[in-house]
Amino acid sequence: MARRAVGRMLPEENVPDQLRDNRGMNTVVDGKLDLDLGLHWVNSFAALGPSFYTLLSPLALPEPYWVGRSQRLADELGLSVQAMDEQATLLALSGNLGLAGAQPLASVYSGHQFGVWAGQLGDGRACLLGEIELANGGPWRGREIQLKGSGLTPYSRMGDGRAVLRSSIREFLCSEAMHGLGIPSTRALCVTGSDAPVRREEVETAAVLTRVAPSFVRFGHFEHFAYRQQHEALRQLADYVIERFYPACRDSKELSGNRYALLLQAVSENTASMVAHWQAVGFCHGVMNTDNMSILGLTIDYGPFQFLDAFVPGHICNHSDDQGRYAFNRQPNIAYWNLFCLGQALLPLIVEQELALAALESYKSRFPRELESRMLAKLGLGLPQEGDRELIEGIFKLLVQEAVDYTIFWRRLSHYVGNGPRSLVTDMFLDQAAIGAWLERYEQRLAELAREQVAEQMLRTNPKFVLRNHLAEIAIRHAREKDFSEVARLLALLERPFDEHPGFDSYADFPPAWAAGIEISCSS
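Going by our numbering, the sequence shown opens with residue -7, and the numbers climb by one from there.
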């Protein structure tokens, strides 16, 4: 296969030697260059034109092997167990074999990183194979399929274009865990590994993660064209997103019928809902740069993430975040800051600043409503009543005061409401009088409700299993020894995190002491 044409973002004479020498090294299987998996490719993003990307093929991963696969997602994409077992599929999802109908590319975007304008960024180690369309894919029927860690692109800057086994396993498991929790997220089809060395803080091995999402368009895509004052490209991108994902913005009379202000409002509301999900479940993203923010309100780019163990609102999960910009309790405000950056990028299209500000106000009203609703659901309560806010604030005060394990507390509370012993909850606190008084107030609120139904709802809201750092670390250690059973076991638990899964209680237990020493950084 000849190396695909390079778009005008990178003139031919500027193609790095590594790209020139290694592209087109795809393996021929059974005399066929491109594998046909029977997928219906539409490739709508590629139709935008070369201002938005560089066409290129992924770099072959030396001697790849399976690390983990989500058959649940494969089924949704129309890929059978047999198809996922094929050697040719392994090669295609490692970047070694083309897929018939795909149109591989790396997109260009810019963004703010840790609050500072970083200029042009882009898919530095990702290759978007293309987009398929599903008959039963919901309102966003398209699914883009992307290889992460697939080699150098024109946007790799000082990087090597690769991902390592460690981070790829974490993202694979967490993407599917978030989906299992009902939190909007990109998905992960599989991880393939290789013994090829990759240098980070130490020498590690390479891996490729296959990611799936309706779209990988980010806030940073809009910032890129706005910063360059390429307003026609900015308009083209905004119209594409509206037509493909937010068609209601074409017809609404709100915000003076300004479709671009309505787009900003819709993104603000989706982002508010996503972050409320995060806060309710105790999820720390760790690196909320504008280039890591999805235009669809999906959790994207799993780097130094963490689910809280002890409830410490100021927890910083990213070892690289020296200033604590992305601490857990700052996530709601950072999301608004990022939306404000998106609003600035869209302002050349919105024109009237007042409309942009009005669109952003929807985040300020939506987020607290969403969070309150999710916290009431965790308590098994429906429509808010007088005193509910004090009930929520009261338990948060106690959780903070004693740094109680967040996930275990809510799960035990659910079992307590289902006629479990009171000690399930009280044993987690030193201040017995305080937790006892709070439980009395809670009992009064539950008095008029059908307790069994409340408990059932709580058990469907408060997960038993989340991807704690130590669980991921154990799976990674096994995988480095070519034992991928722990990856598969965790995936099975995290796909259904609200089920009891008898025999696996240790995966829902308190973290071991050594877990506090795990450091996760942006290095991946």
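Beta carbons are placed, not taken as given, at the ideal position from N, Cα and C, and that holds for glycine. Predicted, not measured: the structure shown is a model, and the values here were computed from it.
### Query
Ordered along the chain, which non-local residues of its own chain (more than five positions away) have a Cβ less than 6 Å from that of N454?
Counting only Cβ-Cβ distances below 6 Å, and skipping sequence neighbours, we find K370, W402, R403, S406.
### Query
By DSSP, does Q222 sit in helix, in strand, or in coil?
In the displayed model, Q222 falls within coil according to three-state DSSP, outside both helix and strand.
### Task
Apply the 10 Å Cβ neighbour rule to G(-1) and answer buried if 16 or more other Cβ atoms are within range, or exposed otherwise.
Because G(-1) carries a pLDDT of 32, less than 50, the predicted location of this residue cannot be relied on, and no value is offered for it.
### Query
How is the alpha helix (DSSP H) around A561 delimited, first residue to last?
Examination of residue 561 is not possible in this model, given that the chain is present from -7 through 516 alone.
### Query
In chain order, what residues of the same chain have a beta carbon less than 8 Å from the beta carbon of Q449, not counting five sequence neighbours either side?
Same-chain partners within the cutoff: A369, G372.
### Query
If you draw a straight line from the alpha carbon of A429 to that of E435, how long is it in whole angstroms?
So the two alpha carbons sit approximately 10 Å from each other.
### Task
May I have the straight-line CA-CA distance separating N128 from A395, to the nearest angstrom?
Looking at the two C-alpha atoms, the distance is approximately 44 Å.
### Query
By DSSP, does N454 sit in helix, in strand, or in coil?
In the structure shown, N454 sits in coil (DSSP, three-state: anything other than H, G, I, E or B).
### Task
Identify, in the order they occur along the chain, each residue of the same chain with its Cβ nearer than 8 Å to the Cβ of M76, setting aside the five sequence neighbours on each side.
R61, Q63, A66, C182, listed in sequence order.
### Query
Does the Cβ of D293 have 16 or more other Cβ atoms within 10 Å, making it buried, or fewer, making it exposed?
Counting Cβ neighbours within 10 Å, D293 comes out buried, since at least 16 surround it.
### Query
Does the beta-carbon of G87 have 16 or more other beta-carbons within 10 angstroms, so that it is buried, or is it exposed?
Counting Cβ neighbours within 10 Å, G87 comes out buried, since at least 16 surround it.
### Query
Within this structure, are the beta carbons of A264 and R358 separated by less than 8 Å?
Closer than 8 Å, so yes.
#### Entry: Three-state class that DSSP yields for P42 in the structure shown
Helix at P42.
### Message
Give me, in chain order, the residues of the same chain whose beta-carbon lies closer than 6 Å to that of E261; leave out the 5 immediate sequence neighbours on both sides.
### Response
Closer than 6 Å at the Cβ level, and outside the excluded window around E261, lie S354, R358.
### Task
Assign V273 to one of two classes, buried (16 or more other C-beta atoms within 10 Å of its C-beta) or exposed (fewer than that).
With 16 or more other Cβ atoms from the protein chains shown falling within 10 Å of its own Cβ, V273 counts as buried.
### Query
Under the three-state reduction of DSSP, which class applies to W33: helix, strand or coil?
Strand, per DSSP.
### Message
Please report the distance separating the alpha-carbon of L483 from that of I342.
### Response
Using only the alpha carbons, I get a separation of about 44 Å.
### Task
Please name the residue, chosen from E511, P413, D314, that lies closest to G107 on a Cα-to-Cα basis.
Comparing Cα-Cα distances from G107 to each of E511, P413, D314, the minimum goes to D314.
### Message
Short of 6 Å in beta carbon distance, which residues of its chain neighbour G289, apart from the five on each side in sequence? Order them along the chain.
### Response
Cβ within range, chain order: P176, N262, T263, M266.
### Query
D301: buried (16+ other C-beta within 10 angstroms of its C-beta) or exposed?
Note on D301: 16 or more other CB atoms within 10 angstroms of its CB, so buried under the neighbour-count rule.
### Message
For E123, report the span of its alpha helix (DSSP H) as first-last.
### Response
Element bounds for E123: not the alpha helix (DSSP H) but the beta strand (DSSP E), 118 to 125.
### Query
DSSP puts Y318 in a beta bridge; with which residues?
Paired residues: none, contrary to the question.
### Query
Does the Cβ-Cβ distance between E163 and R179 come in under 8 Å?
E163 places its beta carbon 8 Å or farther from that of R179.
#### Entry: Complete runs of the alpha helix (DSSP H) confined to the region 164 to 198 [at least 4 residues]
Counting only runs of at least 4 residues, the region 164 to 198 fully encloses no alpha helix (DSSP H) element at all.
### Query
In whole angstroms, what separates the C-alpha of F275 from that of F297?
Spanning the two alpha carbons is a distance of roughly 7 Å.
### Task
Can you grab the Cα-Cα spacing for the pair F237 / P131, in whole Å?
So the alpha carbons of these two residues sit roughly 8 Å apart.
### Query
By how many angstroms is the C-alpha of Q393 removed from the C-alpha of L40?
Taking the Cα positions, L40 is about 53 Å away from Q393.
### Message
Within a Cβ cutoff of 8 Å, which residues of the same chain sit near T197, ignoring the five residues on either side of it in sequence?
### Response
For T197, the CB contacts under 8 Å within the same chain, skipping 5 residues up- and downstream, are V156, L157, G185, S186, D187, A188, P189, V190, R472 in chain order.
### Query
Expressed to the nearest angstrom, what Euclidean distance is found between the alpha-carbon atoms of M367 and P324?
Taking the straight line from one Cα to the other gives about 15 Å.
### Query
Could you check where the alpha helix (DSSP H) with H462 kicks off and where it finishes?
For H462, the enclosing alpha helix (DSSP H) starts and ends at 461 to 472.
### Message
Distance check for I326 and A268, CA to CA, integer angstroms please.
### Response
Going from the Cα of A268 to the Cα of I326 covers about 13 Å.
### Task
Rank K245, G93, G153, W33 by C-alpha distance to the C-alpha of R135 and give the top, closest one.
It is W33 whose Cα lies nearest to the Cα of R135.
### Query
Can you pull the DSSP bridge partners for Q138?
Looking at the DSSP output, Q138 sits in a beta bridge with L120, R203.
### Message
Measuring only the C-alpha atoms, how far is C514 from Q105?
### Response
Between the alpha carbons of C514 and Q105 lies a distance of about 12 Å.
#### Entry: Cut-off 8 Å between Cβ atoms - residues of its own chain near V195, not counting five sequence neighbours on either side
Excluding residues within five positions, the ones whose Cβ falls inside 8 Å are P189.
### Task
Select from Y252, L31, I468, L82 the residue whose C-alpha is nearest the C-alpha of P54.
Taking the Cα of P54 as reference, the smallest distance to any Cα among Y252, L31, I468, L82 is reached at L82.
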